[in-house]
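Visitor: Sharing a structure here in structure tokens format.
Number of protein chains: 2
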Amino acid sequence: MMEIKREDRRIRQTKEKLRNALAELMKEKGFESIRIHDLTERADINRGTFYLHYKDKYDLLEQNENEIIQDIVHIHEEAKKTEHAKHPRPPSEPASIFVHLFEYLQENSDFIQVLFGKNGHYSFQTKLKTILRENMLKKFLNAQLEKRMLIPIEYFSSYVISAHLGIIQQWVEGGMKESPKEMALIITRITFHQIIAKEEYPALKFEKPFQKESESMYNERDK
Amino acid sequence: MMEIKREDRRIRQTKEKLRNALAELMKEKGFESIRIHDLTERADINRGTFYLHYKDKYDLLEQNENEIIQDIVHIHEEAKKTEHAKHPRPPSEPASIFVHLFEYLQENSDFIQVLFGKNGHYSFQTKLKTILRENMLKKFLNAQLEKRMLIPIEYFSSYVISAHLGIIQQWVEGGMKESPKEMALIITRITFHQIIAKEEYPALKFEKPFQKESESMYNERDK
DNA sequence: AACATTTTGTTCATTAATAAACAAAATGTT
DNA sequence: AACATTTTGTTTATTAATGAACAAAATGTT
Chain A
9 MMEIKREDRR IRQTKEKLRN ALAELMKEKG FESIRIHDLT ERADINRGTF YLHYKDKYDL
69 LEQNENEIIQ DIVHIHEEAK KTEHAKHPRP PSEPASIFVH LFEYLQENSD FIQVLFGKNG
129 HYSFQTKLKT ILRENMLKKF LNAQLEKRML IPIEYFSSYV ISAHLGIIQQ WVEGGMKESP
189 KEMALIITRI TFHQIIAKEE YPALKFEKPF QKESESMYNE RDK
Chain B
9 MMEIKREDRR IRQTKEKLRN ALAELMKEKG FESIRIHDLT ERADINRGTF YLHYKDKYDL
69 LEQNENEIIQ DIVHIHEEAK KTEHAKHPRP PSEPASIFVH LFEYLQENSD FIQVLFGKNG
129 HYSFQTKLKT ILRENMLKKF LNAQLEKRML IPIEYFSSYV ISAHLGIIQQ WVEGGMKESP
189 KEMALIITRI TFHQIIAKEE YPALKFEKPF QKESESMYNE RDK
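Those protein sequences? They're chains A and B, same order as listed.
Residues in the first sequence are numbered from 9 upward in steps of one, following my numbering.
Residues in the second sequence are numbered from 9 upward in steps of one, following my numbering.
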């Protein structure tokens, strides 16, 4: 049984500082013109310390992107364990996976803005999309849901992942004004009212006009 | 010639973290109920590290208060060297001592709010008042201004120092909404239009109605 | 008041970060 | 193109911070 060794706090703090410095500097001047000296000065650490943890600035970016991706995947997997118990869902209750997801995105908002923003980092989004899709495909195949789908699951998972990422991007570009819970509610309603089978995953049928619900949703947001 | 050794950045960072933790916790629960564990947890440092720098929480508070005081005195002394060259002053230009002072107060706003706020730390304010007054008295005596004053300088310096601290406290209690420059302009006008001799420090004469200027000042703030 | 639990203060061995120095590589200037 | 300057990557000795452990002191519970 391997003992899970928590990362020394000094290492954690150094990495956090560098991530923040990277995000700020990327916002200010893009990635390419950033120098190591810029990063270490902004992070208030010694240059040698940078090299204790990262090979170069590309390594810094890649490692941080991968951490974001792993965290998002982890939220996804943790929530999947508890989400099935919560069905049917009251119309004003967001799925907790989405609450956790948006809370996470807000906690890391500086870097998330850099990755998802208008001048966002496309390789990151491609990577994230790919991993989320594979993760989703695997889950479907494990549950043998493919047989119940009216559309091929590759398209379905692409549809859902892209739509979710689109909503995240819109939120980020709009300045992340809505709270994580508000965003979670928005995305829950879109996700579960449109594409879930009556038992669990509905066929893609639009039986109710969406306008009415969209209206009541915005009223709720105004209070 | 003693070499001025800059403080190792690790020490500086540790102290900054502890000051911030102290300020936050004082806001949340006052000083007396704060435990060392609260401080080190909030600051994300090892408990042993706390004791490398401070004897106990009282030492932490006192050292930080003294640093604020020394910094304020230092701003005062630095600005005095350049301020006399700038006379007469255009009505829309704040004295740079006050700009620097309010900038400093804003940079340290968390702790300043704790020290100057409504439930502020009275011993700090007493200490600050005393040191600023002594500093001011010394300067007057050095310049032999006492002979030109219409009132005893102990009273004059108490008047000025208390008035300035009153304004700072008002700003802090109001949420520090005005910018440092705005505050510097307010305090500059009050200070130099009311109490400075025509040549340098005027007698205490109120020749102009203060209302008119107060009005134009607020118009300026609205733009 | 007796006992349990928490907090504090201290010690110690280890680790991560530090600043300085140096050479190589990259960029800037003429 | 030649040279100057800046930036990078690396090495080293030193220092500050770390976590664990322990005893004493303080606080909480009955």
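In this text, a Cβ means the ideal position worked out from N, Cα and C, and glycines have one as well.
These numbers were taken from a predicted model, which means no experiment stands behind them.
1. Which residues of the segment 38–56 of chain A have a Cβ closer than 7 Å to any Cβ of chain B? Give them in chain order.
2. Out of curiosity, what's the CA-to-CA distance linking residue 248(A) and residue 42(A)?
3. Under 8 Å: do the segment 135–155 of chain B and the segment 66–81 of chain B share three or more Cβ pairs, one atom per stretch?
4. Does the pairing of the segment 130–137 of chain A with the segment 45–54 of chain A give three or more beta-carbon distances under 8 Å?
5. Considering only residues of the same chain and omitting the five flanking positions on each side of residue 15(A), which have a CB-CB separation below 8 Å?
6. Tell whether a beta-carbon distance below 8 Å holds between residue 184(B) and residue 104(B).
7. Mind pulling the chain A residues with CB within less than 8 Å of residue 21(B)?
8. List, in chain order, every chain A residue whose beta-carbon is nearer than 9 Å to that of residue 17(B).
9. At what residues does the alpha helix (DSSP H) containing residue 165(A) begin and finish?
10. Near residue 110(A), what residues of its chain come up, given a Cβ to Cβ distance below 7 Å and the 5 sequence neighbours on each side ignored?
11. According to DSSP, is residue 112(B) part of a helix, a strand, or is it coil?
12. Since residue 65(B) and residue 44(B) are thought to touch, with beta carbons under 8 Å apart, how far apart are those beta carbons, to the nearest angstrom?
13. Can you tell me whether residue 228(B) is buried or exposed? The criterion is at least 16 other CB atoms within 10 Å of its CB, across all chains shown.
14. Does the Cβ-Cβ distance between residue 133(A) and residue 69(A) come in under 8 Å?
15. If you check the beta carbons only, do residue 76(B) and residue 119(B) fall under 8 Å apart?
16. Give me the Cα-Cα distance between residue 114(B) and residue 28(B), rounded to the nearest whole angstrom.
17. Cα separation between residue 198(A) and residue 125(B)?
18. With distances taken between CB atoms, is the gap from residue 148(B) to residue 161(B) smaller than 8 Å?
19. Which value, in whole angstroms, describes the spacing of the CA atoms of residue 58(B) and residue 73(B)?
20. When you compare the CB positions of residue 144(B) and residue 170(B), do they come within less than 8 Å of one another, or not?
21. Compute the Euclidean distance between the alpha carbons of residue 67(B) and residue 26(B), then round it to the nearest angstrom.
22. What span of residues does the alpha helix (DSSP H) with residue 44(A) cover, start to end?
23. What is the residue span of the alpha helix (DSSP H) that residue 2(A) lies within?
24. So is residue 163(A) buried or exposed if we call it buried at 16+ other beta carbons inside 10 Å?
25. Any beta-carbon of chain B closer than 8 Å to the one on residue 115(A)?
26. On the CB-based measure, 16 or more other CB atoms within 10 Å of its CB, does residue 130(B) come out buried or exposed?
27. Using only CA atoms, which one of 47(B), 38(B), 62(B) and 102(B) lies nearest to residue 19(B)?
Guide: According to the structure data:
1. 52
2. Outside the modelled stretch of chain A, which goes from 9 to 231, sits residue 248(A), for which no answer is possible.
3. yes
4. no
5. Numbered from its first residue, the first sequence carries residue 15(A) at position 7. Cβ neighbours of residue 15(A) beyond the five flanking positions: none.
6. Indexing the second sequence from 1 puts residue 184(B) at position 176. Indexing the second sequence from 1 puts residue 104(B) at position 96. It is not a contact, given that the beta carbons lie outside the stated cut-off.
7. Translated into positions along the second sequence, residue 21(B) becomes position 13. Those are 52, listed as they occur along chain A.
8. Looking up residue 17(B) in the second sequence gives position 9. The contacting residues are 52, 53 and 54.
9. The sequence position of residue 165(A) within the first sequence is 157, counting from 1. Residue 165(A) -> alpha helix (DSSP H) spans 161–181.
10. As a working mapping, residue 110(A) is identified with position 102 in the first sequence. Within the same chain, residue 110(A) has close Cβ partners 188, 191 and 192.
11. Your numbering for residue 112(B) matches position 104 in the second sequence. If DSSP states are grouped into helix, strand and coil, residue 112(B) belongs with the helices.
12. Your numbering for residue 65(B) matches position 57 in the second sequence. Your numbering for residue 44(B) matches position 36 in the second sequence. With 8 Å as the limit, residue 65(B) and residue 44(B) qualify as a contact, their Cβ atoms being about 6 Å apart.
13. Numbered from 1 along the second sequence, position 220 holds the residue referred to as residue 228(B). Bear in mind that the predicted position of residue 228(B) carries a pLDDT of just 39, short of 50, making it unreliable; the figure below should be weighed with that in mind. That one is exposed.
14. What you label residue 133(A) is simply residue 125 of the first sequence in a count that begins at 1. What you label residue 69(A) is simply residue 61 of the first sequence in a count that begins at 1. Contact flag unset, no.
15. For the purposes of this step, residue 76(B) is identified with residue 68 of the second sequence, where counting begins at 1. For the purposes of this step, residue 119(B) is identified with residue 111 of the second sequence, where counting begins at 1. Yes, the pair counts as a contact, with Cβ atoms nearer than the cut-off.
16. Position 106 of the second sequence holds residue 114(B). Position 20 of the second sequence holds residue 28(B). The alpha-carbon atoms of residue 114(B) and residue 28(B) are separated by roughly 14 Å.
17. Your numbering for residue 198(A) matches position 190 in the first sequence. Your numbering for residue 125(B) matches position 117 in the second sequence. So the alpha carbons of these two residues sit roughly 47 Å apart.
18. One-based indexing of the second sequence puts residue 148(B) at position 140. One-based indexing of the second sequence puts residue 161(B) at position 153. Cβ distance < 8 Å, so residue 148(B) and residue 161(B) count as in contact.
19. Looking up residue 58(B) in the second sequence gives position 50. Looking up residue 73(B) in the second sequence gives position 65. C-alpha separation (whole angstroms): 17 Å.
20. Residue mapping note: residue 144(B) aligns to position 136 of the second sequence, counting from 1. Residue mapping note: residue 170(B) aligns to position 162 of the second sequence, counting from 1. Cβ distance not < 8 Å, so residue 144(B) and residue 170(B) don't count as in contact.
21. Residue mapping note: residue 67(B) aligns to position 59 of the second sequence, counting from 1. Residue mapping note: residue 26(B) aligns to position 18 of the second sequence, counting from 1. For residue 67(B) and residue 26(B), the distance between alpha carbons rounds to 12 Å.
22. Taking the first sequence and counting its residues from 1, the one referred to as residue 44(A) is at position 36. Residues 44–51.
23. An answer regarding residue 2(A) cannot be provided, because it is not within the stretch 9 to 231 covered by chain A.
24. Counting from 1 along the first sequence, the entry for residue 163(A) is found at position 155. Its Cβ having fewer than 16 others within 10 Å, residue 163(A) is exposed.
25. Taking the first sequence and counting its residues from 1, one reaches residue 115(A) at position 107. So no, residue 115(A) is outside the interface.
26. Numbered from its first residue, the second sequence carries residue 130(B) at position 122. Looking at its Cβ environment, which holds fewer than 16 other Cβ atoms inside 10 Å, residue 130(B) is exposed.
27. Walking along the second sequence from the start, residue 19(B) turns up at place 11. Out of 47(B), 38(B), 62(B) and 102(B), 62(B) has the C-alpha closest to the C-alpha of residue 19(B).
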